[in-house]
Amino acid sequence: VHALCEMMKEFSITVVGIGAAIVTRQPEKKQVDNYRALLVLEEVDAAAERIVIHPA
-17 VHALCEMMKE FSITVVGIGA AIVTRQPEKK QVDNYRALLV LEEVDAAAER IVIHPA
């Protein structure tokens, strides 16, 4: 998302909002501010084929 926002600046486009379907819990400080997520990915356990996702 950060790279896309930077690319928009090259075309004189002002980004007014960002939406993300899913974000990770960590790191808490993201590279992009002022976004809205629908889901938060808590954990991925590939060996057990298990993921934990919660509503944002």
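Heads up, the sequence shown is in this note's numbering, so the first residue is -17 and it goes up one at a time.
Backbone N, C-alpha and C define an ideal beta-carbon position, used for all residues, glycine too.
This structure is a prediction, so every number in the text was calculated from the model and none was measured.
For E(-12), the uninterrupted alpha helix (DSSP H) run begins and ends at H(-16) to E(-8), by DSSP. For E25, the uninterrupted beta strand (DSSP E) run begins and ends at Y17 to D27, by DSSP. Looking at the backbone, the Cα of M(-10) and that of R18 are separated by about 19 Å.
Between V26 and R7, the CB-CB gap reaches or exceeds 8 Å. By the CB criterion at 8 Å, I4 and L(-14) fall outside the cutoff.
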